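Enquirer:
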Amino acid sequence: AYEHSDAVAAIASLAGANHMDQREAPENPVHILQIHGTNDETIGYQGGDIQDNRYPSALQSVRRWANYNGCSQNGV
19 AYEHSDAVAA IASLAGANHM DQREAPENPV HILQIHGTND ETIGYQGGDI QDNRYPSALQ
79 SVRRWANYNG CSQNGV
């Protein structure tokens, strides 16, 4: 979605992990539905590490995409 915002309008992420590095916003907004469980043992809600690749918490990920898309930081 990030790299192909010209072709992807929306995604749904079920317990997905995001990148940690800071990037510029995608060229086009991408609608994001993120679903995370606080007891998920595969992708930790508070962030974590998979094979030496760190990933942000669910809240950090949501805030990053909100920022990319020009949305307020007030979630629902």
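Per my numbering, residue 19 is the first one in the sequence shown, and the count goes up by one each step.
Just so you know, even glycine gets a beta-carbon here, dropped at the ideal spot from N, CA and C.
All values reported here derive from a predicted model rather than from experimental measurement.
1. What's the gap between the Cα of ASP46 and the Cα of SER75?
2. For HIS49, which option in ALA19, GLY34, GLN64 and GLN91 has the closest C-alpha, if you only look at C-alpha atoms?
3. Quick check on this structure: which residue in ALA33, ILE68 and GLN69 has the alpha carbon closest to the alpha carbon of GLY55?
4. On the DSSP bridge list, what partners appear for ASN46?
5. Looking at the structure shown, is GLN40 part of a helix, part of a strand, or coil, going by DSSP?
Expert: Once the coordinates are examined:
1. Reading off the sequence, residue 46 comes out as Asn, not Asp. One alpha carbon belongs to ASN46, the other to SER75, and they sit about 24 Å apart.
2. ALA19
3. ALA33
4. The partner list for ASN46 (beta bridge, DSSP) is empty, contrary to what the question assumes.
5. The answer is coil: DSSP assigns GLN40 none of H, G, I, E or B.
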